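Visitor:
Residue numbers (our numbering): 42 to 113.
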């Protein structure tokens with residue numbers, strides 16, 4: 042059984058990864074391109090953002106599933 046505290050921690054971790062991924066990719070774009078708009082077409086940056094967000098959503102989905110099993 043998963044405790045409420047563990048569920049909150051995992052959701053918090055997922056949120057931090059989601060935001061951290063966006064900041065990481067933004068910093069990468071700003072360091073490698075003259076302006077942010079040019080960097081939005083950088084496939085490496087967008088792939089990195091996708092990886093960050095898939096991991097964050099995976100953690101959130103796992104936590105949601107465990108919380109529903111614990112509740113019912």
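Quick reminder that beta carbons are idealized off the backbone N, C-alpha and C, glycines included. If you're wondering where the values come from, they're calculated on a predicted model, not measured in any experiment.
Using three-state DSSP, classify residue 43 as helix, strand or coil.
Guide: The residue you call residue 43 lines up with position 2 of the chain shown. Residue state, collapsed to three classes: coil.
Visitor: Nearest to residue 84 by CA position, among 54, 98, 100 and 69, is which residue?
Guide: Taking the first residue of the chain shown as position 1, residue 84 is located at position 43. Residue 69 is the option with its Cα nearest to residue 84.
Visitor: In terms of alpha-carbon separation, which member of 60, 101 and 110 lies closest to residue 49?
Guide: The residue given as residue 49 occupies position 8 in the chain shown. Cα-wise, what sits closest to residue 49 is 101.
Visitor: Which residues mark the beginning and the end of the alpha helix (DSSP H) in which residue 10 is found?
Guide: Only positions 42 to 113 of the chain appear in the structure, and residue 10 is not among them; the question remains open.
Visitor: Can you tell me the Cα-Cα spacing of residue 72 and residue 91, whole angstroms?
Guide: The residue given as residue 72 occupies position 31 in the chain shown. The residue given as residue 91 occupies position 50 in the chain shown. Going by the C-alpha atoms only, they are around 19 Å apart.
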